Amino acid sequence: MFGNGIERSCWVGFLLLCGCGSSPTPSASEFAATHEDLLDPQTCKTCHEQQFDDWSGSMHAYASDDPLFLAMNQRGQREAQLGDFCVKCHAPVALSEGKTTDGLNLSGLSPSLKGVTCFFCHSVDDVQGTHDNPLHLSSDARMRGEITDPVKNAVHASAYSPLHDRSQLGSSNLCGSCHDIVNGHGAALERTYSEWQESVFSHAPGGSTCGQCHMDQSKALQPVAPGGPPRRSHAHSLPGVDLALTEFPQIDAQKQLVQDSLDTTLQSALCVSGIAPAQWLTVILDNVSAGHHWPSGATQDRRAWVEVNAYQGDHVIYQSGAVEPDGSGASDADLWLLKDCMFDAAKRPVRMFWEAATSAGNLLPGQLTFDMSDVRFYQTHIYRRFPLVDQLPAAPDRVTLQVHLSAVAPEVIDDLIASGDLEARYRGAVPSLLVGKPLEWTAATVTEQFVDATVPTSCVSQGGLRATADKVAATALPAGCSP
Amino acid sequence: MGWFEALRGMASAFFRQTAAVSLGVASLLCAACSSQGGASNGSGSSAVTTDAGIDAAPQVSCQSDKRVSSAALPLTVSGPNGFAITLSGRDPDPSAKGLNDWEVSVADATGAPVVGAKLTLATNMPDHGHSSSAPAPPDTDASGHSTLSALDFFMAGVWRVQIDVLPTGAAKAADSVVFFFCIEG
């Protein structure tokens with residue numbers, strides 16, 4: 024009936040445009056959009072332009088195109104025959120449509136099949152596990168969302184689903200199922216969902232779901248589709264800490280969202296302890312707003328670290344965590360590095376996730392309670408001294424603190440380049456991000472002075488962190504773990 | 006033949022004759038089809054189908070928190086010394102995650118506007134134990150009004166804004182007024 028592409032495109036566009044607004048409810052077989060139409064995010068754009076624009080710059084849209092994913096999957100298939108392990112979450116529609124089995128052919132597939140698409144999320148009707156994508160997709164072509172009274176339209180059937188309702192605790196089960204990864208050896212590689220479950224953020228009514236932090240609610244009432252009633256909607260840009268490494272839509276907007284989030288994730292304090300000449304620095308970090316550990320996600324590949332610089336006049340008298348001139352991470356003996364380490368069954372450190380039998384690290388935990396009278400409130404205040412042993416070589420008159428994050432460490436990228444799976448042009452492509460504003464200690468900026476277990480201590484803090492409050496010492500990285 | 010098939014036939018014939026027709030023309034035709042059938046633009050109240058076996062999990066929201074005032078504007082809160090601050094406007098309204106501006110007016114215990122007072126802000130999430138920065142607002146004007154700009158409510162939950170009022174020439178705050186409110190995620 025629709026013999027050529029132009030005709031079909033026009034026809035579908037015609038019906039979709041007509042269908043955006045309310046209209047008589049057709050029977051199930053009479054909705055305009057076919058299964059193929061619904062698979063294609065461009066179809067969604069016709070009526071849901073804002074949501075499409077948000078999503079088009081997200082890491083969900085980028086999931087099948089990310090050169091690091093493609094390189095790691097390629098290497099994993101070669102070295103460990105990973106099968107559909109990666110594409111279950113990076114290209115779930117291509118997998119469910121039978122267009123790929125291992126992701127090695129993704130570059131030849133239609134864009135509508137790549138990434139974590141509108142169709143994928145909005146077709147989920149059940150969550151049948153906790154990790155590695157146990158999501159069940161409906162076959163009823165009904166698009167699910169958080170709207171309890173969806174407008175009748177001629178394009179697709181609609182339904183409310185608590186799994187898509189950001190105000191429902193259970194909505195995190197949907198997101199969490201791909202943001203919690205366990206490999207074939209049972210190593211819990213990515214634990215964002217389980218970390219959230221351990222935190223107070225997973226408790227109603229005062230917590231926060233994944234969507235409430237990563238899908239901001241609109242500030243104004245606006246139709247979700249043309250002709251619909253004004254509603255609160257929510258953003259689909261889904262910022263985390265990863266960024267596109269190649270040309271991609273909305274890249275500056277995504278960077279800003281990531282930076283906005285990093286600016287407020289941690290609160291910190293910087294203290295000078297002791298009496299000259301026996302003085303040292305104490306840094307306190309508190310992961311106050313992540314709702315899961317920080318950093319989180321692929322933490323075996325991520326690197327977060329603390330940079331401190333102590334000065335006497337213009338002279339640097341002590342330094343730890345300084346970024347190398349070539350942009351690579353710091354590596355000094357005192358470095359406070361936050362990451363996960365992977366080990367094989369013989370407890371030898373390994374670099375690639377398919378080799379891992381266990382994974383452990385020293386990430387900053389998420390908040391455990393909202394009750395300040397509960398001792399657990401302060402168990403997420405983590406401190407570390409600099410230098411680790413001995414004292415500062417001289418009394419400082421100025422000290423600075425800055426936390427850094429590399430979403431994918433340079434050594435991980437170098438490893439993929441060395442194996443021939445990643446082009447060399449990606450060396451240095453992952454930016455080092457600043458986490459929060461820099462903090463400066465001087466005699467003039469000190470906000471707290473107290474005696475901490477007989478040690479005179481003076482501190483400056485940001486985010487309202489009370490340095491005098493209880494805190495726990497940072498744990499070291501597991502033995503044998505190399506940066 | 007139902008309306009859908011009729012429409013499809015018309016559209017197919019139309020496009021067959023004019024393959025290069027723009028979707029802009031099609032959208033004009035939409036005006037007719039979308040106005041038929043009497044469906045309103047309001048909440049469509051189509052039958053809501055939820056997936057069997059999926060429970061509505063507990064709701065996560067601070068709207069019912071007992072500390073929170075959900076009263077409409079203008080909202081007046083008094084301090085222990087009788088000073089009253091009226092929140093008369095906010096952008097966005099209601100306050101939302103991100104940067105917010107508030108319009109406030111300060112009156113003393115007699116109800117008279119407090120002119121030229123310095124306002125000091127302390128913004129935090131009491132359950133989380135963290136604060137948020139905000140620029141110092143301008144002193145109150147001749148009607149006791151000031152604008153609190155760029156209040157950064159950076160995450161969902163219960164927020165507390167304490168406003169200390171320092172009248173002209175006073176050595177310490179004459180009163181302290183606290184607003185509790187809910188930022189939805």
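Sequence lines, in order, name chains L and Z. With the numbering used here, you'll find the first sequence wraps up at 506, consecutive numbering, no jumps. With the numbering used here, you'll find the second sequence wraps up at 190, consecutive numbering, no jumps. Every residue gets a Cβ at the ideal spot worked out from N, C-alpha and C, and that includes glycine. This one's a predicted model, so the numbers in the text were calculated from it and none came from an experiment.
query: Alpha-carbon spacing of residue 176 of chain L relative to residue 54 of chain L, whole angstroms; result: 8 Å
query: The stretch 109-118 of chain L touching the stretch 458-476 of chain L, judged by at least three CB pairs closer than 8 Å; result: no
query: Contact belief for residue 118 of chain Z with residue 148 of chain Z at Cβ below 8 Å, rounded distance in angstroms; result: 5 Å
query: Helix, strand or coil at residue 169 of chain L [DSSP, three-state]; result: coil
query: Bridge-paired residues (DSSP) for residue 407 of chain L; result: L:306
query: Paired residues, beta bridge with residue 246 of chain L - DSSP; result: L:253
query: Neighbour-count burial assignment, residue 326 of chain L, 16 or more Cβ in a 10 Å radius; result: buried
query: Length of the line joining the Cα atoms of residue 318 of chain L and residue 213 of chain L; result: 11 Å
query: Residue-level contact to chain L via CB, residue 101 of chain Z, 8 Å cutoff; result: yes
query: Start and end residues, beta strand (DSSP E) containing residue 433 of chain L; result: Careful: residue 433 of chain L lies outside any beta strand (DSSP E), inside the alpha helix (DSSP H) at 433-441.
query: Neighbourhood of residue 16 of chain Z by C-beta distance below 7 Å, restricted to the same chain and skipping five residues each side; result: Bear in mind that the predicted position of residue 16 of chain Z carries a pLDDT of just 38, short of 50, making it unreliable; the figure below should be weighed with that in mind. Excluding residues within five positions, none has a Cβ falling inside 7 Å.
query: Where residue 311 of chain L meets chain Z, residues with beta-carbon distance less than 9 Å; result: 130, 133, 134, 135 and 160
query: is_contact[residue 94 of chain Z, chain C] using C-beta, thresh 8 Å; result: The structure shown contains no chain C; its protein chains are L and Z.
query: Chain Z residues whose Cβ lies nearer than 7 Å to that of residue 190 of chain L; result: 64, 65 and 66
query: Limits of the unbroken alpha helix (DSSP H) element including residue 77 of chain L; result: 72-79
query: Residues of its chain near residue 265 of chain L, where Cβ-Cβ distance is below 7 Å and the 5 sequence neighbours each way are ignored; result: 82 and 430
query: 4 or more residues per run - each alpha helix (DSSP H) lying fully within the stretch 256-329 of chain L; result: 274-288
query: Residue 195 of chain L vs residue 233 of chain L beta-carbon contact at 8 Å; result: yes
query: Helix, strand or coil at residue 44 of chain Z [DSSP, three-state]; result: Low per-residue confidence applies at residue 44 of chain Z: pLDDT is 27, beneath 50, and the placement is therefore not dependable, though the value from the model is reported in the following sentence. Coil.
query: Beta-carbon proximity of residue 90 of chain Z to residue 73 of chain Z, cut-off 8 Å; result: no
query: Nearest-angstrom Cβ-Cβ length linking residue 181 of chain Z and residue 103 of chain Z, presumed shorter than 8 Å; result: Wrong, their Cβ atoms sit about 26 Å apart, outside the cutoff.
query: Minimum Cβ-Cβ distance from residue 198 of chain L to chain Z less than 8 Å; result: no
query: Option in L:481, L:208, L:444 and L:227 with minimal Cα separation from residue 378 of chain L; result: L:208
query: As assigned by DSSP and simplified to three states, the class of residue 130 of chain Z; result: strand
query: Own chain partners of residue 444 of chain L with C-beta closer than 6 Å, once the 5 adjacent residues on each side are dropped; result: 94, 97 and 98
query: Minimum C-alpha distance to residue 432 of chain L - residue among L:422, L:416, L:451 and L:419; result: L:451
query: Cutoff 8 Å: residue 79 of chain Z Cβ touching any chain L Cβ; result: no
query: Enclosing beta strand (DSSP E) for residue 358 of chain L [first to last residue]; result: Neither: residue 358 of chain L is in no beta strand (DSSP E) and is coded neither H nor E.
query: DSSP three-state assignment for residue 190 of chain Z, whether helix, strand or coil; result: coil
query: Residue 88 of chain Z versus Z:188, Z:189, Z:178 and Z:186, residue with shortest Cα-Cα distance; result: Z:178
query: Same chain only: Cβ atoms within 6 Å of residue 400 of chain L, ignoring 5 sequence neighbours per side; result: 392
query: Close beta carbons around residue 305 of chain L, own chain, < 6 Å, minus the five adjacent residues each side; result: 294, 296, 406 and 408
query: Identity of the residues DSSP links to residue 123 of chain Z by a beta bridge; result: Z:171
query: Test item: CB-CB of residue 215 of chain L and residue 226 of chain L under 8 Å; result: no
query: Contact set between residue 486 of chain L and chain Z, taken where Cβ atoms lie within less than 7 Å; result: 135 and 136
query: Ordered list of beta strand (DSSP E) runs contained in the stretch 64-106 of chain Z, each at least 3 residues; result: 80-83 and 89-96
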